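Enquirer: Here's a structure for you.
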Amino acid sequence: MQTIAERYGWKRLTIFFVCAFTVIGVIGWVKISSSNDGPPVCARHFDAMPDTTVGGRNEIVACMDAVDKWCAKNHPEDPVGCSRNVEIDGDARNVGKD
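Using our numbering, read the sequence shown as starting at 5 and increasing by one per residue.
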């Protein structure tokens, strides 16, 4: 039974892995750089934020301000409803639904 390296050769195997990692890296970079259209990332972790310390309260207030600004910019028809939905769900999937 042949191994993959014996069948195709080490050079081809190395080229394959380099190309595969390059493609995965490019796809990851594109996804990261194009993910700026949603609500602030802190909204996804809103429930896990500490609320008993002053720093925790400040973090929550800063996140709520960021969500309010995002909603005012992206959903001017109902920024208050948008803010409530994003703070509850952590994303914008229910924004604009009755």
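In this text, a Cβ means the ideal position worked out from N, Cα and C, and glycines have one as well. It should be emphasised that the depicted structure is a prediction, and the values quoted were computed from it without experimental measurement.
Here's the rule I'm using: 16 or more other beta-carbon atoms within 10 Å means buried, otherwise exposed. How should Trp33 be labelled?
Expert: Exposed, because fewer than 16 other Cβ atoms sit within 10 Å of the Cβ of Trp33.
Enquirer: State the Cα-Cα distance for the pair Lys15 and Phe21, rounded to the nearest angstrom.
Expert: Whole-angstrom Cα-Cα distance: 10 Å.
Enquirer: Output the boundary residues of the alpha helix (DSSP H) element that contains Ala9.
Expert: Here the alpha helix (DSSP H) through Ala9 covers Ile8 to Tyr12.
Enquirer: Does the separation of the CB atoms of Phe50 and Cys75 fall below 9 Å?
Expert: Going by C-beta atoms, Phe50 is not nearer than 9 Å to Cys75.
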